[in-house]
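Numbering (UniProt numbering), first residue to last: 1 to 556. C-beta: ideal position from N, C-alpha, C; glycine also.
Quick look at the structure:
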């Protein structure tokens with residue numbers, strides 16, 4: 001089997017203008033970034049709003065494990081499978097971050113024969129969206145520190161600055177730094193911090209903004225610091241909104257590329273799924289709904305994080321209503337949840353499968369609470385046995401869910417036909433009646449508890465004193481109706497990454513709560529969430545190179 005980058009390099013791509021033409025777009029509707037990438041024009045995005053929406057299909061997964069689940073691969077493969085059945089399908093995904101590409105996780109272009117291309121450009125600089133977001137965020141930080149240097153007329157408390165600089169790279173040395181050292185003209189000395197670009201509020205704002213005017217309104221509401229009197233200071237107070245919007249005016253427009261089988265793919269934005277809502281942009285999803293009869297998108301990490309935030313934040317903000325949810329799992333990952341070590345996952349182990357499959361069951365229960373039909377698909381590995389597959393199928397049937405086997409990594413669209421047929425059958429026979437999990441008017445603490453108890457399975461929550469005080473202040477500022485963005489480990493339903501399967505009788509600890517006023521949600525931090533990852537002992541960057549002819553190797 002060829003590597004992902006080798007498969008991508010052999011792809012027979014269409015010119016992007018021809019891909020666009022296939023969904024009814026003319027050359028004036030896109031702005032070319034070379035032969036195989038483009039951005040939508042503002043006029044096209046405006047004109048498309050008059051079209052009727054297609055069906056929205058969300059792809060999510062069980063809690064991620066070291067065994068891998070292949071959520072993005074299934075999303076792409078499902079789109080290719082629908083097209084093989086003669087359907088008009090459009091895939092819409094998040095943009096990859098450079099940090100994971102050069103760290104350990106790899107890129108976000110799918111895998112095997114279910115990839116979006118050009119894979120190398122997508123995983124690297126793409127159309128410059130992340131550069132623009134990084135620049136806009138850091139301009140705001142520079143304006144804030146300049147304000148401190150020039151007299152601090154807003155009376156900003158240097159100890160209560162909440163905006164952080166960002167960088168699209170894993171660099172642990174920048175997590176905690178001291179700035180302003182040197183001469184008096186070099187700035188006010190204070191402690192500062194870096195986060196990875198995907199964890200920035202600017203990224204979340206871009207992905208939730210409806211258009212450029214809405215982007216500016218959201219940027220203006222960003223709280224960057226508090227005064228000595230405990231009053232919020234915003235980007236608007238620093239007179240920075242116009243310049244930030246200028247940097248983001250092209251980045252807010254979604255990007256168009258294609259899959260290995262030339263299925264249209266809209267790729268735009270990429271908020272951190274831990275600290276933010278973890279979905280591609282509302283504009284991208286809406287555009288896919290206008291262009292395709294079927295729009296297939298994905299949520300970040302497992303369903304307890306990614307799908308919950310997609311359904312309770314993105315759908316609420318974007319007035320979206322999913323028609324079907326695909327839940328991805330693997331036999332290997334279920335056995336891992338049952339206590340099997342990674343090196344032993346290829347061996348049949350029905351006892352471990354029975355023990356670990358409760359993780360899948362909990363996610364099915366959770367998704368059904370939104371009144372949307374669920375289809376389970378297993379990414380098939382060569383080591384999976386018939387007995388294991390039959391066991392999972394019967395388990396899903398007990399929940400009233402159909403289950404299919406996906407082989408898109410190995411076979412591309414052909415390997416996604418069974419899933420595509422099941423999704424089509426589900427859309428025809430089961431009607432969605434989507435409703436978010438909780439109401440806007442519920443108090444912040446009650447929303448947090450409701451998510452913890454109903455989605456994670458916690459028996460209670462405990463808030464630190466500072467979290468309690470923060471909630472009181474947030475509600476006093478008028479942000480009490482915002483949805484909750486839970487910041488939690490992706491590896492467990494609980495806040496303890498070592499608790500696999502379906503943890504019960506645990507208490508969820510909330511150590512910090514703050515408002516992302518521009519994005520429009522309240523963040524509740526559980527456990528230790530890393531907003532600036534570090535590189536592993538042997539980062540992927542050690543194996544990535546380009547030869548003298550410009551051919552890339554090692555990128556995955």
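Start-to-end residues for the alpha helix (DSSP H) that takes in residue i
i, result
"residue 72", "71 to 84"
"residue 285", "282 to 291"
"residue 240", "Where residue 240 is concerned, there is no enclosing alpha helix (DSSP H), given that its DSSP letter is neither H nor E."
"residue 510", "Residue 510 -> not in any alpha helix (DSSP H); beta strand (DSSP E) instead, spanning 507 to 516."
"residue 353", "350 to 356"
Residue i: first and last residue of the uninterrupted beta strand (DSSP E) it sits in
i, result
"residue 190", "190 to 192"
"residue 56", "55 to 61"
"residue 462", "460 to 463"
"residue 327", "324 to 329"
"residue 522", "521 to 526"
"residue 486", "484 to 487"
"residue 157", "156 to 161"
"residue 563", "As displayed, the chain neither begins before 1 nor continues past 556, which places residue 563 out of reach and without an answer."
"residue 38", "38 to 40"
"residue 172", "Counting along the chain, residue 172 falls outside any beta strand (DSSP E), and DSSP gives it neither H nor E."
Per-residue burial, residue i [other beta carbons within 10 Å of its own, 16 or more giving buried]
i, result
"residue 239", "exposed"
"residue 388", "buried"
"residue 2", "exposed"
"residue 47", "exposed"
"residue 526", "buried"
"residue 483", "buried"
"residue 283", "buried"
"residue 551", "exposed"
"residue 420", "buried"
"residue 10", "exposed"
"residue 251", "buried"
"residue 382", "exposed"
"residue 122", "buried"
"residue 64", "buried"
"residue 546", "exposed"
"residue 230", "exposed"
"residue 265", "buried"
Cβ shell of residue i (< 6 Å), same chain only, five flanking positions each side left out
i, result
"residue 228", "155, 157"
"residue 455", "304, 308, 366"
"residue 4", "111, 556"
"residue 167", "194"
"residue 199", "272, 275, 531"
"residue 98", "168, 169"
"residue 86", "none"
"residue 165", "138, 141, 194"
Same chain, Cβ closer than 7 Å to residue i, five either side skipped, listed in chain order
i, result
"residue 243", "139"
"residue 345", "67, 332, 335, 336"
"residue 220", "234, 235, 236, 241"
"residue 374", "325, 327, 364, 367, 368, 401"
"residue 174", "167, 194, 532"
8 Å Cβ shell around residue i - same chain, five flanking residues per side excluded
i, result
"residue 8", "109, 115, 117, 118, 119, 120, 260"
"residue 507", "458, 459, 460, 461, 462"
"residue 499", "492, 493, 506"
"residue 249", "212"
Length of the line joining the Cα atoms of residue i and residue j
i, j, result
"residue 446", "residue 299", "24 Å"
"residue 301", "residue 180", "38 Å"
"residue 348", "residue 397", "22 Å"
"residue 467", "residue 512", "5 Å"
"residue 204", "residue 131", "15 Å"
"residue 95", "residue 57", "19 Å"
"residue 317", "residue 208", "7 Å"
"residue 452", "residue 324", "24 Å"
"residue 342", "residue 16", "41 Å"
"residue 88", "residue 294", "6 Å"
"residue 178", "residue 188", "10 Å"
"residue 385", "residue 91", "31 Å"
"residue 504", "residue 380", "29 Å"
"residue 70", "residue 537", "24 Å"
"residue 107", "residue 477", "39 Å"
"residue 102", "residue 40", "29 Å"
"residue 33", "residue 127", "7 Å"
"residue 314", "residue 76", "21 Å"
"residue 222", "residue 150", "21 Å"
"residue 196", "residue 428", "42 Å"
"residue 575", "residue 287", "In the structure as shown, the chain begins at 1 and stops at 556. Residue 575 is therefore absent and cannot be evaluated."
"residue 465", "residue 480", "18 Å"
Minimum Cβ-Cβ distance from residue i to chain C less than 9 Å
i, result
"residue 196", "This model lacks chain C altogether; it includes just one protein chain."
Inset, instruction - Go through the segment 386 to 420 residue by residue and report every complete run of the beta strand (DSSP E) that reaches 3 residues or more, in order. - result: With a minimum length of 3 residues, the continuous beta strand (DSSP E) runs that stay inside the segment 386 to 420 are 402 to 406.
Inset, instruction - List in chain order: all unbroken beta strand (DSSP E) runs of 3+ residues lying wholly within the segment 206 to 273. - result: Entirely contained in the segment 206 to 273, the beta strand (DSSP E) runs reaching 3 residues are, in chain order, 223 to 227, 232 to 234, 255 to 259, 264 to 267.
Inset, instruction - Give, in chain order, every unbroken run of the beta strand (DSSP E) that is at least 3 residues long and sits entirely within the segment 80 to 122. - result: 89 to 93, 114 to 117
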